[in-house]
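Trainee: Before anything else, here's the structure in question.
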Amino acid sequence: MGCFSLEILALSKNTLQGHIFSEKFNLTNLKRLQLDGNKFIGEIPESLSKCYLLGGLYLSDNHLSGKIPRWLGSLLALQDIIMPNNNLEGPIPNEFCQLDCLKVLDLSNNSIFGTLPSCLSLGSIEQVHLSKNKIEGQLESIIHYYPYLVTLDLSYNRLHGSIPNWIDKLPQLSYILLANNYIEGEIPVQLCQLKEVRLIDLSHNNLSGHIPPCLVNTALSEGRILTSMSGIDLSCNKLTGEIPTQIGYLTRIRALNLSHNNLTGTIPTTFSNLKQIESLDLSYNLLHGKIPPQLIVLNTLAVFRVAYNNLSGKIPDRVAQFSTFEEDSYEGNPFLCGLPLFLITFTVSYGIVIIGIIG
14 MGCFSLEILA LSKNTLQGHI FSEKFNLTNL KRLQLDGNKF IGEIPESLSK
64 CYLLGGLYLS DNHLSGKIPR WLGSLLALQD IIMPNNNLEG PIPNEFCQLD
114 CLKVLDLSNN SIFGTLPSCL SLGSIEQVHL SKNKIEGQLE SIIHYYPYLV
164 TLDLSYNRLH GSIPNWIDKL PQLSYILLAN NYIEGEIPVQ LCQLKEVRLI
214 DLSHNNLSGH IPPCLVNTAL SEGRILTSMS GIDLSCNKLT GEIPTQIGYL
264 TRIRALNLSH NNLTGTIPTT FSNLKQIESL DLSYNLLHGK IPPQLIVLNT
314 LAVFRVAYNN LSGKIPDRVA QFSTFEEDSY EGNPFLCGLP LFLITFTVSY
364 GIVIIGIIG
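If you read the sequence shown in my numbering, its first letter stands for residue 14, the second for the next number, and so on.
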């Protein structure tokens, strides 16, 4: 391949297929290679190991296979390694520990297995996307001091252990995505010290204990300007205790999912302050009492689920957004009444069973 002085090669989102390059490839001045969104097959070619100036490698959404090459760790100018949605396998090489300039590492949705290199403490890293792999090991040994880390996505792996108490040492962390692992222990209060947090997904783990009330101190509270992607998902864990009333002051939050836990107490009336909430799921818990009628002011609410609790009393009036919620939002609460539910009552009077339907 000619054009020896070529610095950028961008061929994204075409229908290119076959192997990426032959052994005759020698674009040694290449600084950016974009081949994402094609149909390339085979291994990442060793001919790229000559590209010592390469700063960005974008190979996502292809059909690449084989192991992640060790020689990638010798390309010290690399800032972006973006190769999700392929068939890459094997562990992440120890040689990656040499990539001091690396800012974005995205190997999500591959077949990466094993533990992450213990030396992987990349001081400049900003984005780590390793979801939907088979990565193992203790979470505490994976998270290091990354002063510029914004996104940590390790969801859908095989990680265990607990969330480290020193997680507050990641001052820029905004997106914490650890769902579908085997993480246990309590949610550390140090999580509340992350002032830039916008999205927390700890769902489908083995977390226990109470929900920290101090979450109100995060960027999800009033006065912070957030993107549209903001929320907390703690569903499918083993959390206990009452829902902190302080959660109702996360006025910038758009999604809150606390379903499938063992939460008790009542639904906080402070939830009426969640003016930007679009999805609120409290189903499959042990909540009791009434559904606060004040919630009808939530004009952006599109999803509301309180099914399978011990709630009682009348369902809020079917006005505004609450006119859109059907029976499946409330089912499994035998003492709830009002539309859209119908409660069948049985009364015995003078030996005659009278059936009444209350709407």
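By construction, the Cβ of each residue, glycine as well, lies at the ideal position given by its N, Cα and C atoms.
(1) Less than 8 Å between the C-beta atoms of leucine 215 and glycine 244, yes or no?
(2) Need the endpoints of the alpha helix (DSSP H) that leucine 152 sits in, please.
(3) Less than 8 Å between the beta carbons of glycine 192 and aspartate 246, yes or no?
(4) Let me check one thing: in DSSP terms, what residues is lysine 208 bridge-paired to?
(5) Given a threshold of 16 other Cβ atoms within 10 Å of its Cβ, counted over all protein chains shown, does leucine 88 qualify as buried or as exposed?
(6) Are leucine 276 and asparagine 312 touching if we call contact CB-CB under 8 Å?
(7) Taking Cβ positions, are isoleucine 224 and proline 257 nearer each other than 8 Å?
(8) When burial is assigned at 16 or more other CB atoms within 10 Å of the CB, is isoleucine 57 buried or exposed?
(9) Just the C-alpha distance for glutamine 203 and histidine 157, rounded to the nearest angstrom, thanks.
(10) Mind checking who tyrosine 343 pairs with in its DSSP beta bridge?
(11) Measuring alpha carbon to alpha carbon, tell me which of Leu300, Glu339 and Val316 ends up nearest phenylalanine 348.
(12) Give the C-beta separation of serine 131 and serine 154 to the nearest angstrom, bearing in mind that I take them to be a contact with Cβ-Cβ under 8 Å.
(13) Do you know how far the Cα of glutamate 340 is from the Cα of glycine 354?
(14) Assuming leucine 220 contacts isoleucine 200 (C-beta within less than 8 Å), just tell me the rounded distance between them.
(15) Helix, strand or coil: how does DSSP classify cysteine 249 here?
(16) In chain order, what residues of the same chain have a beta carbon less than 6 Å from the beta carbon of isoleucine 21, not counting five sequence neighbours either side?
(17) Since I believe serine 144 is in contact with aspartate 113 (beta carbons under 8 Å), could you give me their beta-carbon distance rounded to a whole number of angstroms?
(18) For valine 141, name the three-state secondary structure that DSSP assigns.
(19) Using DSSP's beta-bridge definition, name the partner residues of asparagine 270.
(20) Measuring only the C-alpha atoms, how far is isoleucine 40 from phenylalanine 34?
(21) Using CA coordinates, which residue listed in Leu314, Val316 and Thr283 is at the minimum distance from proline 305?
(22) Going by DSSP in three states, glutamate 108 sits in which element: helix, strand or coil?
(23) Does DSSP classify arginine 83 as helix, strand or coil?
(24) Of the choices Asp74, Phe38, Leu172 and Leu72, whose alpha-carbon is the least far from that of serine 62?
(25) Can you tell me whether leucine 276 is helix, strand or coil according to DSSP?
(26) Take valine 316 and list the residues in its own chain whose beta-carbon comes closer than 6 Å to its own, dropping the five residues that flank it on each side.
(27) Once DSSP output is grouped into helix, strand and coil, what is the label at phenylalanine 348?
(28) Helix, strand or coil: which one does DSSP assign to leucine 167?
(29) Is the beta carbon of asparagine 194 sitting closer than 8 Å to the one on asparagine 178?
(30) Does leucine 311 get closer than 8 Å to chain C when you measure Cβ to Cβ?
(31) In terms of DSSP beta bridges, what is arginine 45 paired with?
(32) Could you compute how far the alpha carbon of threonine 12 sits from the alpha carbon of asparagine 170?
(33) Does histidine 32 pass the burial test, meaning 16 or more other C-beta atoms within 10 Å, or should it be called exposed?
(34) Quick check on phenylalanine 53: does DSSP put it in helix, strand or coil?
(35) Under the rule that 16 or more other beta-carbon atoms within 10 Å means buried, what is valine 210, buried or exposed?
(36) Helix, strand or coil, according to DSSP, for glycine 261 in the structure here?
Mentor: Taking the coordinates as given:
(1) Residue 215 sits at position 202 when you count from the first residue of the sequence shown. Residue 244 sits at position 231 when you count from the first residue of the sequence shown. Annotated as distal: leucine 215 and glycine 244, with beta-carbon spacing of 8 Å or more.
(2) Numbered from its first residue, the sequence shown carries residue 152 at position 139. For leucine 152, the uninterrupted alpha helix (DSSP H) segment begins and ends at 152 to 155.
(3) Here residue 192 refers to the residue found at position 179 of the sequence shown. Here residue 246 refers to the residue found at position 233 of the sequence shown. Looking at the sequence provided, one finds alanine at residue 192 rather than glycine. Yes, the Cβ-Cβ distance between alanine 192 and aspartate 246 is below 8 Å.
(4) Position 195 of the sequence shown, counting from 1, holds the residue named residue 208. In the DSSP secondary-structure assignment, lysine 208 is not bridged to any residue.
(5) Counting from one through the sequence shown, the residue named residue 88 turns up at place 75. Buried, because 16 or more other Cβ atoms sit within 10 Å of the Cβ of leucine 88.
(6) Here the question's residue 276 lines up with position 263 in the sequence shown. Here the question's residue 312 lines up with position 299 in the sequence shown. Result no, Cβ atoms of leucine 276 and asparagine 312 do not sit closer than 8 Å.
(7) One-based indexing of the sequence shown puts residue 224 at position 211. One-based indexing of the sequence shown puts residue 257 at position 244. A distance below 8 Å separates the beta carbons of isoleucine 224 and proline 257.
(8) What you label residue 57 is simply residue 44 of the sequence shown in a count that begins at 1. Here isoleucine 57 is buried. Its C-beta has 16 or more other C-beta atoms within 10 Å.
(9) Start at 1 with the first residue of the sequence shown, and residue 203 comes out as number 190. Start at 1 with the first residue of the sequence shown, and residue 157 comes out as number 144. Cα-Cα distance, rounded: 15 Å.
(10) Residue mapping note: residue 343 aligns to position 330 of the sequence shown, counting from 1. DSSP links tyrosine 343 through a beta bridge to no other residue.
(11) For this step, residue 348 is matched to residue 335 along the sequence shown. The residue with the shortest Cα to Cα distance from phenylalanine 348 is Leu300.
(12) Along the sequence shown, one-based indexing puts residue 131 at 118. Along the sequence shown, one-based indexing puts residue 154 at 141. Sure, about 7 Å apart at Cβ, within 8 Å.
(13) Sequence index remark: in the sequence shown, residue 354 carries index 341 (1-based). Sequence index remark: in the sequence shown, residue 340 carries index 327 (1-based). As written in the sequence, residue 354 is leucine, which differs from the glycine given in the question. So the alpha carbons of these two residues sit roughly 6 Å apart.
(14) Locating residue 220 in the sequence shown gives position 207, where the first residue counts as 1. Locating residue 200 in the sequence shown gives position 187, where the first residue counts as 1. About 6 Å separates the two Cβ atoms, so the contact holds.
(15) Start at 1 with the first residue of the sequence shown, and residue 249 comes out as number 236. Collapsing the DSSP output to three states places cysteine 249 in coil.
(16) To locate residue 21, count along the sequence shown from 1; it is residue 8. Excluding sequence neighbours, isoleucine 21 sits near Arg45.
(17) Taking the first residue of the sequence shown as position 1, residue 113 is located at position 100. Taking the first residue of the sequence shown as position 1, residue 144 is located at position 131. That belief does not hold up - the Cβ atoms of aspartate 113 and serine 144 are roughly 24 Å apart, past 8 Å.
(18) If you number the sequence shown from 1, residue 141 lands on position 128. Under the three-state reduction of DSSP output, valine 141 falls in the strand class.
(19) Taking the sequence shown and counting its residues from 1, one reaches residue 270 at position 257. Paired residue(s): Asp246 and Asp294.
(20) Numbered from its first residue, the sequence shown carries residue 40 at position 27. Numbered from its first residue, the sequence shown carries residue 34 at position 21. In the sequence on display, residue 40 carries leucine and not isoleucine. Each residue's Cα considered, the two are about 11 Å apart.
(21) To locate residue 305, count along the sequence shown from 1; it is residue 292. Per the Cα distances, Thr283.
(22) Position 95 of the sequence shown, counting from 1, holds the residue named residue 108. Helix.
(23) On the sequence shown, residue 83 is found 70 positions in, with the first residue counted as 1. Assignment of arginine 83 by DSSP, reduced to helix, strand and coil, places it in the helix class.
(24) As a working mapping, residue 62 is identified with position 49 in the sequence shown. Shortest Cα-Cα distance from serine 62 to any of Asp74, Phe38, Leu172 and Leu72 involves Phe38.
(25) On the sequence shown, position 263 is the one that residue 276 refers to. Looking at leucine 276 - three-state DSSP - the assignment turns out to be strand.
(26) In the sequence shown, counting from the first residue as 1, residue 316 sits at position 303. When the five nearest sequence neighbours on each side are left out, the beta carbons in the same chain lying within less than 6 Å of the beta carbon of valine 316 are those of Ser292, in order along the chain.
(27) Mapped onto the sequence shown, residue 348 falls at position 335. For phenylalanine 348, the three-state secondary structure derived from DSSP is strand.
(28) Against the sequence shown, residue 167 aligns to sequence position 154. Coil.
(29) Numbered from 1 along the sequence shown, position 181 holds the residue referred to as residue 194. Numbered from 1 along the sequence shown, position 165 holds the residue referred to as residue 178. For the 8 Å CB-CB criterion, asparagine 194 and asparagine 178 do not form a contact.
(30) Structure shown: chain C not included; a single protein chain is present.
(31) As a position in the sequence shown, residue 45 is number 32, starting the count at 1. For arginine 45, DSSP records a beta bridge to Ile21 and Gly69.
(32) This structure cannot speak to residue 12, because the chain is shown only from 14 to 372.
(33) Here the question's residue 32 lines up with position 19 in the sequence shown. That one is exposed.
(34) Translated into the one-based positions of the sequence shown, residue 53 becomes position 40. If DSSP states are grouped into helix, strand and coil, phenylalanine 53 belongs with the strands.
(35) Taking the sequence shown and counting its residues from 1, the one referred to as residue 210 is at position 197. Valine 210 is buried by the Cβ-count criterion.
(36) Position 248 of the sequence shown, counted from the start, is the residue given in the question as residue 261. It is helical.
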